[in-house]
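In what follows, a single structure is set out as structure tokens and then discussed.
Number of protein chains: 2
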Amino acid sequence: MKSILTMTPAAVFGAATLCALPAVAAPKDAKTVKPSRPNIIFFLIDDMGWCDSEVAYGDSLYPVNRRFHTPNMKKLAEKGVIFTSAYAAPVSTPTRTSLMTGLNAAHLGVTNWTALEKNAPTDASGDYEKIANDSIVPPKWNHNGISPTTPLENGYTATPMVQLLKDAGYYTIHVGKGHWSTAGSPGANPYNFGFCVNVAGSVAGMPNSYYGEVNYGNTKEKWSPQATMNMAEYYGTPTHLTEALTLEALKTLDYPVQNKIPFYLYMSHHGVHTPITPDKRFVDRYTKMGLDKGQSNYASLVEGVDKSLGDIMQYLDDKKIADNTIIIFYADNGGNSENKKKGGELHTQNLPLREGKGSCYEGGIRVPMMAYWPGVNKPGKRVDTPVICDDFFPTILTMAGVKNYSTTQTLDGMDISGLISGKGKTPAQDRELVFHYPHQWKPYRLDDIDYLTSMRKGDWKIVYRQRTGALELYNLKQDIGERNNLACANPAKLREMAKLLSQKLRGWNAPMPTLRATGQTIPYPDQLIP
Amino acid sequence: MKSILTMTPAAVFGAATLCALPAVAAPKDAKTVKPSRPNIIFFLIDDMGWCDSEVAYGDSLYPVNRRFHTPNMKKLAEKGVIFTSAYAAPVSTPTRTSLMTGLNAAHLGVTNWTALEKNAPTDASGDYEKIANDSIVPPKWNHNGISPTTPLENGYTATPMVQLLKDAGYYTIHVGKGHWSTAGSPGANPYNFGFCVNVAGSVAGMPNSYYGEVNYGNTKEKWSPQATMNMAEYYGTPTHLTEALTLEALKTLDYPVQNKIPFYLYMSHHGVHTPITPDKRFVDRYTKMGLDKGQSNYASLVEGVDKSLGDIMQYLDDKKIADNTIIIFYADNGGNSENKKKGGELHTQNLPLREGKGSCYEGGIRVPMMAYWPGVNKPGKRVDTPVICDDFFPTILTMAGVKNYSTTQTLDGMDISGLISGKGKTPAQDRELVFHYPHQWKPYRLDDIDYLTSMRKGDWKIVYRQRTGALELYNLKQDIGERNNLACANPAKLREMAKLLSQKLRGWNAPMPTLRATGQTIPYPDQLIP
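Protein sequences, first through last, are from chains A and B.
In case it helps, the working numbering puts the first sequence at residues 18 to 547.
In case it helps, the working numbering puts the second sequence at residues 18 to 547.
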């Protein structure tokens, strides 16, 4: 079978020599082969819901899709591959640490978002008093996030994917949100993960403000380590943060583009996370459509990142490198369904999906994803095979032609490049994907979000309510909204799923809460079925 | 005559092809020539006085020199060239904008430091009420600093030196203090000047704190745009800012060193600017020596940058690139002689030099400078030819082998690379070097600092007191302390010097104050001599 790697000169060169030679030297024995390994842009949006664009990730467009104007995402969908069943962890840091390590959040023990400051678990958003009388007690977890090589207390140390790209000669650029770790830790600094350049990346999980007029929160009144750095050029100007980050990203591309060095751009937008405030360039469209204030504001944030995507694609065209630049479009978790400033009715934001960010129901973990591999993928193709954030580590390295790398960790993720190219080995349609959130998210209780674990396998999904010990079973093909619990109707499937999920959790030594009454760890799902 | 450029393979390659080819491609017709253009490190210290090290820039060590322990500077002096008459502008921004543009501060109209915020002239440190009744009124000047290409109100637009290096394939790195412009201006962002990487550079002219324990001032209480960015890794740790910036600089060198790309590192330390607080690693040495608290604290800051220099030299050795890395050591203006926290007696800090930072007397403008060009310069050589910040633009480009570049500005500075190499054309011993400070520095009056202009030509120096119209003449060879005014004794020399100085100021359309009583611009020096 013809290897997918033979389809571009880049890949030919890559497959032959990439690991041994830096990008800047031409191989002695390959005089006629142009060193043109593909550039890779990982375009990451924060808190963007599955239905929050004009791209139909479902069988058709849902009513929620109709609220958004995203011509550039639509354009990418026409050229690229649409993943209809792409998953992330239910909150930000676990997804981002998975991306960097190729490990599942439950394996990393990084199961919740990391605080700005060290040694500050964020259960109940850090308000521990609010859970002091709960029947369940959150586990110890790696609340300091991940570290590249240095051991880190309450953190997980693993070989970072970006370092391997850099070692192979890739010019690695970080722009925007980092959020892998806490202040005072190596993971607070993107350079430590192997980035050559960092704009704005740090411990911040959200911006203090999207507005240049208030320096993106870099004012004495608003300042916290969240205040987006490296943006002084735009202070006091009407430049929206999404726009500013895009402009800065394009500046950092100058060097590799000018010198024909393959680059990896991790374009990690703060948009469309809270604060949900209007992007004034776009908000009028939505109020005119009749959306309420919150919905309009949110849609304007989405259109802002859509413009960013378009501007980057335009840049690639202008520089004549579009044909050699892979774009991966992804969101770090489901859309927020628990923020009143988003308008509409709470918990309906991601319909038909159940719930949103924080939850292990589909609304919290199923995310928009596209991949465009010029000259390789079939345009507009749809892939239904479930994929997860853990998969990008081996996938990106494969697409970059980096082989035979070594890592301190054994990857959980699988190479899904074959799903994009349509060739080569691909993960099974029915492998197990695990989502584990042993935390209370907010200072108040949210039963469809807090303390859930779930696993998808093929069309089946099991949900474990850690607080009550209840197990639920859904068939996602028939019931994407997870409304029809089949646990009683199909005990054999439930048992099978519970067993597989428990094996995973045990194998990873996943953080498990304890019951306050007994001090005992909660049962694994298979212990609940006699 | 043999060109100095033939002395290293790097330069040979550079001279032949540098402007045409990026760094990463080997020239077709030069198979045996290794592309090894020299790396260049510009090691810039803030507010370091001429005598503030173990290096004797004077004929011998002065008592002030004895207060410092700087083994690495001493080591560099043994290997490199000592410039005994190196000059800078009297305050920070004018020197830094000269370095970037090759223009004199009086020509740029950037004659004072730039504020954090736009459109805020810093005369009297921004406290305009304090000068409302002064007999002299500060001129309009380019208080928004410089801009790379974009027009900037109250700013000067010029081709940046770093951009030319980058365009020639150099990997250009900014670490530390920027301070070329104000927030909301293009010059606030090092990327706009052609840097490929920026760590911490912005509008800040000083740090809020040197201490990691208080996040270098990145706390709600202390925050301002001065708070050093990109340092979250060290928050809450005892890492001194000088150390943190050094560590970050070395990280950014990974990429070019690994890939054999020539780099330009602008290592721009905040040290040894205020706040004068102890560097705890070193301060004990100085208190034990009997220095007072302020003197000890200051000396510890100096030793901190000395360690940084040593760490960088060690890194170059470890990476086996020391032989191909030029180091230029420089300070941005004279030592501060007006800060009580430095200990000792005010205005004596730079003895035997008169006054300090802000002043156009020698204490404010004569600065430590060394240049080490491995394999090219004669070790330990001393150069007495006066040089100035304006000169680095053409000098660095020559050393990098970049030729036939074009700039929107006509450079004031001259190529001094021949002074380092000992070969080729060099500036005359007696060219005119101009220093112009049409401002009151502090909210209070300092007669030996405020509103001065001076010019050095050979051994002679003229000082123009703008407030009073007095002209002074000194012979620096006989009187480095500028105590013996020869204006009356040598009226012919005074006249000659006044004429030359006035020609310069007129030619540059230098900002000139007005007299409040008449509203007229103050006279040029030659108008004061009938």
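Built from N, CA and C at the ideal position, the CB exists for glycine as well.
Determine the DSSP secondary structure at residue i, reduced to helix, strand or coil.
| i | result |
| --- | --- |
| F409 of chain B | helix |
| N82 of chain A | helix |
| G204 of chain B | helix |
| W390 of chain A | coil |
| F452 of chain A | strand |
| H257 of chain A | strand |
| E489 of chain A | strand |
| P177 of chain A | coil |
| N215 of chain A | strand |
| L264 of chain B | helix |
| F100 of chain B | strand |
| I546 of chain A | coil |
| P530 of chain A | coil |
| A316 of chain A | helix |
| M580 of chain B | No information on residue 580 of chain B is available, as it lies outside the stretch 18 to 547 that chain B covers here. |
| K459 of chain B | coil |
| A42 of chain A | Reliability fails at A42 of chain A, whose pLDDT of 39 lies under 50, so the model's placement of it is uncertain and no value is given. |
Please name the residue in the options whose C-alpha comes closest to that of residue i.
| i | options | result |
| --- | --- | --- |
| T470 of chain A | A:P107, A:V81 and A:V72 | A:P107 |
| G229 of chain A | A:G211, A:K297 and A:D334 | A:K297 |
| H456 of chain B | B:Q537, B:K398 and B:D144 | B:D144 |
| K194 of chain B | B:G218, B:Y491 and B:Y227 | B:G218 |
| E95 of chain A | A:Y79, A:P396 and A:R113 | A:P396 |
| G311 of chain B | B:P530, B:S241 and B:G360 | B:G360 |
| E372 of chain A | A:I57, A:P203, A:P55 and A:W67 | A:W67 |
| S354 of chain B | B:D151, B:K374 and B:I413 | B:K374 |
| L532 of chain A | A:A149, A:P224, A:C377 and A:K474 | A:A149 |
| P155 of chain B | B:P168, B:P138, B:L169 and B:N171 | B:P138 |
| D76 of chain A | A:I497, A:E134 and A:T535 | A:I497 |
| M90 of chain A | A:M529, A:G392, A:K135 and A:E71 | A:E71 |
Taking 8 Å as the threshold (C-beta atoms), are residue j and residue i in contact?
| i | j | result |
| --- | --- | --- |
| Y272 of chain A | Y187 of chain A | no |
| P460 of chain A | K147 of chain A | yes |
| K516 of chain B | W477 of chain B | no |
| I3 of chain B | Q483 of chain B | With chain B covering only 18 through 547, there is no way to say anything about residue 3 of chain B. |
| D407 of chain A | S109 of chain A | no |
| P203 of chain B | E250 of chain A | yes |
| L182 of chain A | A388 of chain A | no |
| Y74 of chain A | T112 of chain A | no |
| H196 of chain A | T236 of chain A | no |
Suppose the cutoff is 6 Å on Cβ atoms and the five residues either side in sequence are ignored; what does the same chain contact list for residue i look like?
| i | result |
| --- | --- |
| A103 of chain A | V384, M386 and V404 |
| L15 of chain A | Residue 15 of chain A is absent from the structure shown; chain A starts at 18 and stops at 547. |
| F59 of chain A | Y283 and I345 |
| T6 of chain A | With chain A represented from 18 up to 547, any question about residue 6 of chain A goes unanswered, as that position is not in the structure. |
| E170 of chain B | none |
Using the beta-carbon of each residue, which ones in chain B are nearer than 7 Å to residue i?
| i | result |
| --- | --- |
| A205 of chain A | A249 and E250 |
| K268 of chain A | Y208 |
What in chain B is Cβ-close to residue i, meaning under 8 Å?
| i | result |
| --- | --- |
| S219 of chain A | N247 and A249 |
Leaving out the 5 sequence neighbours to the left and right, which residues in its chain are closer than 7 Å to residue i when beta-carbon positions are compared?
| i | result |
| --- | --- |
| N215 of chain B | H191, P207 and Y208 |
| Q544 of chain A | none |
| M246 of chain A | A217 and S219 |
Sorted by chain position, which residues of the same chain lie with C-beta nearer than 8 Å to residue i's C-beta, five sequence neighbours on each side aside?
| i | result |
| --- | --- |
| G435 of chain A | I21, G441, K442 and T443 |
| Y173 of chain A | T114, T118, L120, L125, G126, V127, N159, G162, I163 and S164 |
| N507 of chain A | L490 |
| Q366 of chain A | G66, V81, G352, N353, S354, K359, G373 and G380 |
Give me the chain A residues within the contact set of residue i, using Cβ-Cβ distance strictly less than 7 Å, ordered along the chain.
| i | result |
| --- | --- |
| P292 of chain B | Within 7 Å Cβ-Cβ: nothing; P292 of chain B doesn't reach chain A, min ~18 Å. |
| A200 of chain B | A249, Y252 and G253 |
| T485 of chain B | Correct list: empty, because the minimum Cβ distance to chain A is about 39 Å. |
| W240 of chain B | K237 and W240 |
Closer than 9 Å by beta-carbon distance: list the chain B residues that pair up with residue i, in chain order.
| i | result |
| --- | --- |
| N350 of chain A | Those within 9 Å of N350 of chain A in chain B number zero; the least Cβ separation is about 23 Å. |
| E265 of chain A | N206 and Y208 |
| Y228 of chain A | The contacting residues do not exist; Y228 of chain A stays about 13 Å from chain B at best. |
Within 7 Å: the Cβ of residue i and any heavy atom of the ligand PLP?
| i | result |
| --- | --- |
| W240 of chain A | Among the components of this structure there are no ligands whatsoever, and the ligand PLP is therefore not found. |
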